[in-house]
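Structure first, commentary second.
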Amino acid sequence: MSSITYLLSRLLQMIPTFILVMVIIFLLVRLLPGDPAIAMADAKATEAQLEALRQRLGLNEPLWTQFFYFVRNVLTGDLGQSILLKAPVATVILERLPVTVFLTLYAVLFSLLIAGPLAAIAALNKNQRADIIIRGLFQVGLSTPVFYIGLLLLTFLAAFLRWFPVGGYGQTFWQHMYHLLLPALTVALYTSAIIMRNLRSSIIEVIDAEYVQFARAKGLSEGLILRRHVLRNALVSTVTLLGLSIGNLMSGTLVTETVFAVPGVGRLMLDAIFARDYPLIQGLTLTFAVLVSLVFLLTDMIQSWLDPRLRPS
Amino acid sequence: MTDASLARKKRFSFFKRLQGLQPGFIAGLTILGFSLILATFPAFFAPYDPNVFDFTALQSPPTALHLFGTDNLGRDTLSRVIWAYSVNMQMAFLATIFSLITGVLVGAVVGYYRGVADIIFGRCVDAIITFPFLVLVIAVVAVLGPGLINMYIAITLVGWVYYARLMRAEIMAQMANDYASAGKVMGYSDSRIIFRHLLPNAITPVIVYWMTDMALAILLGSSLGYLGLGAQPPEAEWGVLIAEGRNFITTAWWLSLMPGIAIVITGFGFSLVGDGIADLLRPRG
Amino acid sequence: MTDTQPLLQVKNLTHHFKTNPPLVDLLLRRAPRFIKVLNGIDLHLERGETLGVVGESGCGKSTLARCLVGLYPPQGGEILFDNQNVSHKTRAEQRDYNRRVQMMFQDPYSSLNPRMTVGQVLHEALSVHKMRPEAEIPDRIDELLDLVSLPRDAAGKLPHEFSGGQRQRVAIARALSVEPEILIADELVSALDVSVQAQVVNLLLDLQDRLGLTILFVAHDLRLVRHVSHRVAVIYLGSIVEIGASDSVFSSPVHPYSRALLNAAPSIDPDHKTSIPPLSGELPSPMNIPPGCAFHGRCPHATEICRQEKPLLKKFEGHGEIACHHAATLA
Amino acid sequence: MRHYSSDPATGAGQTQNGAAATDPESANPPGLLEVRNLSMSFGHGQSSLLAIDKVSFAVKPGEILGLVGESGSGKSITLRSILGLTKRYGQVEGEILWKKQDLNTLTNRALQKIRGREIAMIFQEPMSSLNPLLTVGLQITENLKAHTKLDRTERKKKAIELLDLVGIPSAAARLGDYPHQFSGGMRQRVMIAIALASEPELLLADEPTTALDVTIQQQILDLILALSREMGMSVIMVTHDLGVAAQTCDRIAVMYGGRLVEVGPVRNILRNPRHPYSIGLLRSVPENVPPRSELYSLPGIPPGLGNRPSGCCFAPRCLAATPRCSEEKPDLLQTSEKVALACFNPQNFLSGNSQ
Amino acid sequence: VERGGTLTFARYDDSTLIDPIYADRNPDIWMVSNLYDTLLRTEADGKTVVPGLASSYSLSSDGLELKMTLREGIRFSDGSDIEAQDVIFSLERARNPDLGPWAGLLGSIESVTANDRDITITLKNPDPTIILMLATFNTAIVSKDAFDTASGTTDQEKAQALSISAPVGSGPFVLKDHQRGASMNFVANRHYWRQGEDGQPLPYLDAIDFLVIPDDATRILKLQAGEVDAAEFIPFARVAELKADSNINMELFPSTRIIYSPINTREKTADGEDNILASKEARQALNYATNKEALIQLILHGAGKPMTSGLMASTTQLATGTEPLYKYDLEKAKALAAKAGIKPGTEISLTTLAGSADDAIIFTALQQMWSQIGIKLSVEQVDGATRGAKNRSGEFDIHTYGWVNDVNDPAQVAGWLGYYPTRKAVGTDWNNAEFNSLYEASNKETNLEKRAEQYAKMQTLYAEEAPLIFMYETPFAVALGNAVKGYVQTPLGSNEFSSTWIEQ
Ligand SMILES: Nc1ncnc2c1ncn2[C@@H]1O[C@H](COP(=O)(O)OP(=O)(O)OP(=O)(O)O)[C@@H](O)[C@H]1O
Ligand SMILES: Nc1ncnc2c1ncn2[C@@H]1O[C@H](COP(=O)(O)OP(=O)(O)OP(=O)(O)O)[C@@H](O)[C@H]1O
Ligand SMILES: [Mg+2]
Ligand SMILES: [Mg+2]
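Residue numbers (this note's numbering), protein chains in the order written: chain A, 1 to 313; chain B, 1 to 285; chain C, 1 to 331; chain D, 1 to 355; chain E, 1 to 504.
Now the structure itself:
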C-alpha cells in the first residue's frame, strides 16, 4: 500500500467519526435550553416577531429535517448565519481561525523548546538534583490553572513591567509574535509540563534500551548515540502525546484568549455559547473537531515517518 | 490457612511496602490529608462566615485579624479559601468518580469481549476525543446550564471516555498474560475473570490517572468557575475567588493569590500521591 | 498403552486467524487475509499416555493446545472427548469439559494472577467447581501443596515471592485441584533453568504415574520431549508431518523435516558432531503456505509431486504415521 | 597452582593479589584478553548489589570460550563489563587487559575506538537490540563510518557483503529495510553482520541462538565457527545450552552466582566436571538416560542477587558442602594444567560420588 | 482644542452591524451617531432638541404635520450631496416593519414627502414623541444611492455589504476597517457639516481605533499601560482606584440605566402553587426590606443612587420624584410582611445571571436583608437566554434585570416596565387597567403639561403597586487618559466622539 492509499484510507476512516461528530454537535446544540429565537431576539420582541424568527431559522421543522439541512449545508460549506455577529459563520470562523492556529502553533513551538532540553537534562541526571528541581517545577506547572498563569504573566510582565503588550493580536507577523508571546507561553507552560514528563520517561526508558547499549558496543560516540538512537526513539511516543494534547492546547487557548483578549475562535466559542448563537456554536465545534482530526492525522503521519513499524506494510 | 489470615498476610506486606515510601508521596499524602480535613470541617477552621459582608474591613490587606485579608465586600479571604476546600475537594471527587466507575466498567467489558462493542466504542471514542475536552464540557454545561452539579454531569459525560480507553488498553494488555487464559481454562465465568482477575491488575494506571484527573478536575472546575460556568458566586470556589479577585490583582493581590496558591498546592498533592500510588501498586517480582 | 477408545481425538482440526484488513481493502472488496495456523491436525490421546509435540517456533503448537482446551472457538474439524464432540457446547458443558481437560502455560510469570496468593488461587478453583465442601477446602489446599512439593506456608504468598519453578508447581497444583483427566502442558518448562526444568519434569512424571493423567506435552527442547513422551508428533506449518512412538521417531525419523529438526539438536558430547547439514531457508509465512507439501521449499528430497499434492499421514511399518510422498524410500 | 582471586576473608584489594596475578603466562599461553578479578555491582554505596564477583579468565587468539551457567548468574554482565557498558549502572572493579592495556581504566572516548573495532559484541535479544527506527543498512554502516575510512559507496558495498556473508538473501535489496521486516533469526544474523563489520579480533556473543529454532541455531553456530576458523577471531560465547557449548567451544567456563566455578577445556568440563554445580548441571540434561526415568535435579533454587550467601554461593544447594563452604568463598584455582576450579570439595562425576 | 491624532478606545464588546435600523444591541446602537447624523439632534442633556441635518422644523398646531428644511451643502462621506430623496429613503426604511426592529416607534407616520429641500412628515395621529424620534439613531440618514448600488438583494444584505466594502455615512466618522471581534477603525469624515470651536469642520480627531477587550481587568490594564486612551465599562469596584490615578480621568456619565428586579405577580406560580408575591403588601414589604443604599455601596461603591421613579431613571424626561422609593425601613417591612401573611421561612427564589459578580452580591445581600422579614431566599443561576425565556413564561419569583433607554422619550421605558400589552409589564404579569389607559392616552397627548401629569400619575401608581424591587440607577463609567478631552457618553449610552480631541 502506498502512502497515498494509506492517507486515503485514513481519511476514509474519518468519515464515520465525522458523521458521529455531526450528530453529537447537532444534538448538543438542539438540546441547548431556551428558545434560540428568544436568545436571538431583543427582550422587547413580541410573540409574532419571535414566531417569524423561528420560521426563518427553520426551528419549526422536524428534528431530522433540520439535521438533513445541517449536514447538507455543512457539506456545501455553508455553516449558516451567525446570530451574534450577523455574518456568515464560515466567514467569521475563517477570519478568526488564523489567530488561534497561530497561537496554537506558537504554543506547540514553545512547549517543545521548553520541554525538550529540560526533559533531556532531567533524564540524563535522573534522580539527581537537576532532575528533581525540573520535575518539581513542572509539577507545579501541572497544578496551576491556565487562566491563573495567564493572569500572573499578564499582570506582571505586561501591565507591571510593560515588557509585553496587554493582550491583543497586532497587525503584522512580528506584531503577532510579540503580542501572542505571553498567551503562547501561558498555554505552553501546561503542555510542556505534560510533554516533558513523557519525554523524560521515554528518554530514560530508551537510554537503557538494548539497542542503545548495542550502539555503545559498536563504539559510536555518545553524541551520535544520543541524537540518533535515543532522542529519535523517545520522540515517537511524545509525538502521539503532543497530538493528543492538541485538544488540551486548544482548551488552553479557549481560556487564554479570554484572559489576553486575543480575538481567536476560542473566545468566539465562549461568546457564542453565552449568546446562544446556535449556528456559530455548531460551526465552531465542527471546526475544532476538524482541526483536531487533522492534527491526529498529522501526528499519525509524523509518527509513521519516525517509526517504520507503524507504516503500512 | 484461613481467609482472614491470608488477608492479614496481604495487608502486612502492604504495610511493609509503606515503610519504603518516597518522601514525595508522604508530602503528597500530607497535603491531601490536610486538604481533606479542611474540606470536611471548614466551619471549624474558618475564622469568619465566608459570605458575610464586613463594611468595616473592605479590601483589608492581610492583618492579624484577617490573615489573608478581605475582599471588596469585606469577606474574609482565609475563610473563603477554607470553605472553598470543601467545594473543590468535592469537585475533585464528584467530577471524576462517576467517570472512573463508568469508564472502568465499560473499558473492562469492551476490552474483554472486543468484537462489535469494541468497534462501536472505538468510533465513539474517536468522535469524542476529536473535540477539545474543554470545548465539549463547556458545550454540555451550556446545555445543562451553569452550576456545580451540571458541571459534574458534563465532565462525567465526556470524561468517562478517557478512563474507558485506558481501562480497555490495560485489560487488553493484561489479557496477553496467560492468567486470563488460565481463568478461562479453569472454567471461571467471564465476570469472575474480568472483575476478580483482570480488573485488580489493570486498575493501577487507572487509579494513577484518577489522581491526576482529580487534580485536573480542580483545574477544570476552577477554569469553568472563572469563566462563569462552574461554581456560582457567592459560593466560595477557588476559580470563582480568583475571578472575583482578578479585578484587584494590582491593588488587592491577596484576593487572587491565596486561592491560587491553594489550587497549586492541592494539585501538587494529587500529583505526588498519584506518582506514589503508581509506585506502590506496581506489582513486584 | 491401552487398546480401548482414545480419550481425546482430534480430527482434521483447522484454525485460521483473520488479519485485520485495512478499510481500503474492505472497500475494494479484497479477500481478507488469513494466518493459516492449523491446517488439518489429526491426532489422538490414549488414556494415561504422554504425547509430545515438537516443531519450529510459529508452527502452531500453542494454537493447537489452546484449541484443545477451548480457548479458541473451533473453526474446522472436530475434537472428541470420550467420544463426545466438544464443540458447540453450552457454558456449563464447556466448564465441565475444562474441569476434565486442563492446561498449563509456558510463562510461569504470567499464568498466575500477580495479586492472588497461592491459597486464594487454589481456593477459587476448588470452590468454583465445588470440588470440596467449603469447610474442607483448607485441608485440600494443603494436600495439593504437598502433592506438588511446595511448603504449606506457600499458601499465603504471592506469585512474585516464588521462583519460576515454584510458580510452575503452583500452576500445576491449580490444574490438579479440579482433578482433570488430561493436562495440556504448553512449553511448561521452557522458561526455566535446566536444573529447575528437571525438577518440574520429575514432578510431572511422578504425578502422571500416581494420578493416571493423560498429558499433551508441547516443548522446544527435543531431549526433554523424548524423555517424557510415549509418542511424539512433529508439526510443520500447522500440519503433523510425523507422529509415532517416541523411540522410533527419535532414533529413526523418516520425514525429512523431522530428520533435520531432530538432528539439529546439538549433543552434549563434543565429539558427537551431527552429520546432516542444517536446513536452509526460512520458515514460510503461515499467511502464504506453499501449495503441495508445505516443506518442499526447504526439502532436499523434493520432487515434482511435492509441489503439487499435499501428502497425507500414512502408517509405515516400524515407524509411526508419516506425511511424505517419499516416506517409503526414506524409511 | 595459580591464584586468580584475592582472598575475600582479608578483603585484600588488587595490590596484593595483583602481584600474585602478574605473571599468568607460565601456566597459560599468552592471552589476547585477560580478565582479572573483575567485579561489577549495581548501584552505589550501601544498597549496591554485587552482580559478578572477582571473575578472572583469559582468552587466547582464535579460541572459543564458552560461558555457561544458570540464568542470572552474571554471564551477560561479564561480557558487558568487558566493553565498559556497565559503568553507567554501578561500580566496575578489576582489570581487563586487552593487548596490555586495562580497558577498565580507559576513558569512554578511548574505549569507543576499541568497541566495535577490535572487540565486537552480539546481544542476547535480537528483537530488541536493533534500533527499530533505523534501517538495517544504516545500522551496519554507522559502524563502518565510526571505525573505517571507507566512503559512502564503499560502506554500502561492504554492508551488502556482510549481509551476504551471514546468509541474508538478496542483501542489496534489504539494506533499506527496517528490523521489524526481518524474522528473529535474520535479525540475529544482522547483528552478527554488524559485529563482524570491522573484522574484530574478539567477538563477545551473548546467547546468539537462544531466540532461534534448532534448525536456524545450527546455521548460526556454523557461521560463527567458520569465521573464527577463517579469520582467527576469538569468541566468548555465552550460552545456557550445554549442547551448544559442546558443539562450538574450545574451553568452557561455568558460572554460578556471579563467580566462575570451573574453567577448562570443553571435554574436561563436559566429561569430567569436578565442581558439584557443573556436575548437577550436566546431569540434569536428559541425554543418555532411560526415558521417563527421574532426572537428576539440583535441590533448591539459585540465590537472587540480593541474598547471595556469604560463603560459597552454591553451598546451600550442594550435597557435598561442609561448614567451611558456607563461611568462606573458595577461590578459583588451577587444579590441573588446563582446569581451574573453585571448590573446597571437588567431586568426581565419573565415579558419581557427588550424590 | 487641538486637532488631529488617533484615539484608541477599549470596548467591552464589538459592534456587529452599525446601521440605523438594524442596530439592535447596545454596542451597535451606541455607535450609530458617529457614522450617521439625524435630522434633529438633542443637546448633551439628552432632552433639548436642536436642528441637525435639518436646519429648522415646525409642527402644525393639530400636531399632524411636521415640516423641516434640509440644510444646504451637506454631504455624505463619499462627497455626494445629502438630498431629500435620501431623507425619504431613510425614513421609509426606518418605519418599514419588515426591516428593523425599531419600526414600531415610527408607527404614527402616515407619509414622508419632499419638495426640493423641504420635507413634510404627515402623521396619522398626534404623536408627542415624533420630534424626539427624529433625533433618535434609527431615523439617521443613509445614502440612497449607496444602497441602490450596493451588492445584495435584500435591504439587510445591502446594509451588510455597505458596512464592509464601501461605507458611506452622514456622521462625523466613517468606518474604515473592521476585524470582527477584534478591532474597528473609524476615520474622520472630511465632508461633515458641523463646525468645531475653532470654526473648522468636526471632528477634531483623525481617526479612532476601537479594540475589543471583553475582560474588565484587561481593559483597565491596557489603559494603565498606556496602550489605549480610553476604556469603557469600568467596574464600579475600581472607580475609586482609577479616580486616584493621576494619569487617568475617571468619568461617570449620567445615564438612563436602571437596575431592578421584576416580581412575578401572577396568582399562581409556574408549578401551580399560590404566589405570595401576588399581594401588593408582600411586594412592598420586600421593597422596604431592601437596603438600596447598602446595595449601592456594595456594588457601585457609592457611584449611583437609588431609583426615585418607579418607571424610569432620573435622567429620563418626565421623571418625577426626588426621594428614593421605599427607603429602607425594616419596621414597615415587617408590618407589611405580616399583613401579607409572609410566614417565617417562606421560600422565595431569586433568578440571577450566572457568572455575574454583581448579581452574586445582590443575592447575598438580599438574602441577608430579607431574612429579617422571615424570607428564605434561594438562588437560581441561569444564563441570559434562559432568564429571558423564564421572564416570558413566568417561571420565576424574582429576577435581576437592567434597562437603558434607547429613545429620549419616557414612553419606551414606561411601556416596557408597566404597560401590559407590550410584554406583560416586563413579564411580571402586572396588568393595571388605569395604568394601561393612562399610558395609551399619553402616547397621543401632545400637550406637554398634560402628558407630564399622566406620567406623574403612572409613576405614583406603579411605585405603589411595586411590581419590581426598585433598586438603583448607575452612571456609565468610562476611564480616559488625561489627554482625552471632550468625550461624552450620553444618558442613552451613545458614544459621542465628534467633539473629542486629544491634547498633544
Ligand atoms: N491471536 C492470534 N492472532 C493472529 N495470529 C496469531 C495469533 N496467535 C498466534 N498467531 C500466529 O499463529 C502462528 C502460530 O502461533 P503459535 O503460538 O501456535 O506457534 P507455536 O508453535 O506455539 O510457536 P512457539 O514455539 O514460538 O510458541 C504464528 O505465526 C502466530 O503469529
Ligand atoms: N540493570 C540492572 N540492574 C540491577 N540488576 C541487574 C541489572 N541487569 C542485570 N541485573 C542482575 O544481574 C544479575 C546477572 O545478570 P546477567 O544478565 O548477567 O545474567 P545472565 O547470566 O546473562 O542470565 P541470562 O541467562 O538470563 O541471560 C542478575 O541477577 C540480574 O537480575
Ligand atoms: Mg507456543
Ligand atoms: Mg544474559
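Heads up, the beta-carbon is just placed ideally off N, CA and C, and yes, glycines get one too. Remember, it's a predicted structure, so these values are computed and weren't measured experimentally.
Item to check | CB contact check: P259(B) to chain E, cutoff 8 Å | outcome: Among the residues facing chain E, P259(B) is not included, as its CB has no counterpart in that chain under 8 Å away.
Checklist entry - In three-state terms, what does DSSP make of E93(D)? => result It is a strand residue.
Checklist entry - For ligand 1, any of its heavy atoms closer than 7 Å to the Cβ of P335(C)? => result Given a span of 1 to 331 for chain C in the structure shown, any question on residue 335(C) remains unanswerable.
Checklist entry - If you draw a straight line from the C-alpha of S246(C) to the C-alpha of P256(C), how long is it? => result Straight-line spacing of the CA atoms in S246(C) and P256(C) works out to 17 Å.
Item to check | Minimum Cβ-Cβ distance from V249(C) to chain D less than 8 Å | outcome: The beta-carbon of V249(C) is placed no less than 8 Å from the nearest beta-carbon of chain D.
Next on the checklist: Does the CB of Q102(C) have a neighbour CB from chain B at under 8 Å?
Outcome noted: Answer yes: the Cβ-Cβ gap between Q102(C) and chain B drops below 8 Å somewhere.
Checklist entry - Does any C-beta atom of chain C lie closer than 8 Å to the C-beta of V185(B)? => result Against chain C, the CB of V185(B) has a partner CB under 8 Å away; the residue lies at that interface.
Next on the checklist: Can you confirm whether A185(C), when its beta carbon is compared against all beta carbons of chain D, has any partner nearer than 8 Å?
Outcome noted: Under the Cβ distance rule, A185(C) does not count among the residues neighbouring chain D, no pair being separated by less than 8 Å.
Item to check | Rounded Cβ spacing between G297(C) and P290(C) (contact assumed at less than 8 Å) | outcome: Rounded to whole angstroms, the Cβ separation of G297(C) and P290(C) is 6 Å, and the two are in contact under 8 Å.
Checklist entry - Quick one: is N233(A) near chain D, going by C-beta distance under 8 Å? => result Residue-level contact check: N233(A) touches chain D, since one or more beta carbons of chain D fall below 8 Å from its beta carbon.
Checklist entry - How should V407(E) be labelled, buried or exposed, when 16 other C-beta atoms within 10 angstroms of its C-beta is the threshold for buried? => result Label assigned to V407(E): buried.
Next on the checklist: Quick check: does the Cβ of Q166(C) come within less than 7 Å of any heavy atom belonging to ligand 3?
Outcome noted: False, no ligand heavy atom lies under 7 Å from that Cβ.
Next on the checklist: Looking at chain C, is there any beta carbon in it that lies within less than 8 Å of the beta carbon of H197(B)?
Outcome noted: It does: the Cβ of H197(B) has a partner Cβ on chain C nearer than 8 Å.
Next on the checklist: Classify R91(C): buried if its beta carbon has 16 or more other beta carbons within 10 angstroms, exposed otherwise.
Outcome noted: Counting Cβ neighbours within 10 Å, R91(C) comes out exposed, since fewer than 16 surround it.
Checklist entry - Does ligand 1 have even one heavy atom less than 7 Å from the beta-carbon of K184(B)? => result Outside the cutoff, so no.
Checklist entry - Between A245(D), P61(D), A173(D), E34(D), which lies nearest to I96(D) when the distance is taken from Cα to Cα? => result With distances taken between Cα atoms, I96(D) lies closest to E34(D).
Checklist entry - Over what stretch of residues does the beta strand (DSSP E) that includes E380(E) continue unbroken? => result Per DSSP, E380(E) belongs to the beta strand (DSSP E) from 375-382.
Next on the checklist: With a threshold of 8 Å between beta carbons, is I38(A) in contact with chain E?
Outcome noted: Taking 8 Å as the CB threshold, I38(A) lines the interface with chain E.
Checklist entry - Per DSSP, what kind of secondary structure is S256(B) in: helix, strand or coil? => result DSSP places S256(B) in helix when its eight states are reduced to three.
Next on the checklist: Can you find the residues in the same chain that come closer than 6 Å, C-beta to C-beta, to P167(E), ignoring five residues on each side of it along the sequence?
Outcome noted: The residues V174, L175, in chain order, have a CB closer than 6 Å to that of P167(E) in the same chain once the five nearest residues on each side in sequence are set aside.
Item to check | Span of the beta strand (DSSP E), counted from its first residue to its last, around F253(E) | outcome: Note, F253(E): beta strand (DSSP E), 248-262.
Checklist entry - Is there a Cβ from chain D that is less than 8 Å from the Cβ of Y316(A)? => result Since the displayed chain A opens at 1 and closes at 313, residue 316(A) lies outside it and no answer follows.
Checklist entry - Can a CB atom of chain D be found closer than 8 Å to the CB of E56(C)? => result Judged by the 8 Å Cβ criterion, E56(C) is in contact with chain D.
Checklist entry - Which class does N399(D) belong to by DSSP, given the choice of helix, strand or coil? => result Lying outside 1 to 355, the shown extent of chain D, residue 399(D) is not represented and no answer is given.
Item to check | For I469(E), the first and last residue of its enclosing beta strand (DSSP E) | outcome: Going by DSSP, I469(E) is part of the beta strand (DSSP E) stretching over 468-481.
Item to check | Any chain A beta carbon closer than 8 Å to I21(E) | outcome: At a cut-off of 8 Å between beta-carbon atoms, I21(E) makes no contact with chain A.
Item to check | For T22(D), three-class secondary structure by DSSP | outcome: At T22(D), the pLDDT of 36 sits below 50, so the modelled position is not reliable; the number obtained from the coordinates is stated separately. DSSP places T22(D) in coil when its eight states are reduced to three.
Item to check | Exercise answer, beta-carbon shell around ligand 4 heavy atoms below 7 Å | outcome: Neighbourhood of ligand 4, defined by CB distance below 7 Å to any of its heavy atoms: K75(D), S76(D), Q124(D), D206(D), E207(D), V238(D), in chain order.
Item to check | Nonlocal neighbours in the same chain, by C-beta distance under 6 Å from I160(D), ignoring five residues either side | outcome: Within the same chain, I160(D) has close Cβ partners A171, A172.
Next on the checklist: Does E184(E) come out as helix, strand or coil in the three-state DSSP assignment?
Outcome noted: First, the residue type needs correcting, since residue 184(E) is Met and not Glu in the sequence shown. Taken through DSSP and simplified to helix, strand or coil, M184(E) comes out as strand.
Checklist entry - F17(C) by DSSP, collapsed to three states: which one? => result Shown here, F17(C) sits in a strand according to DSSP, grouped into three states.
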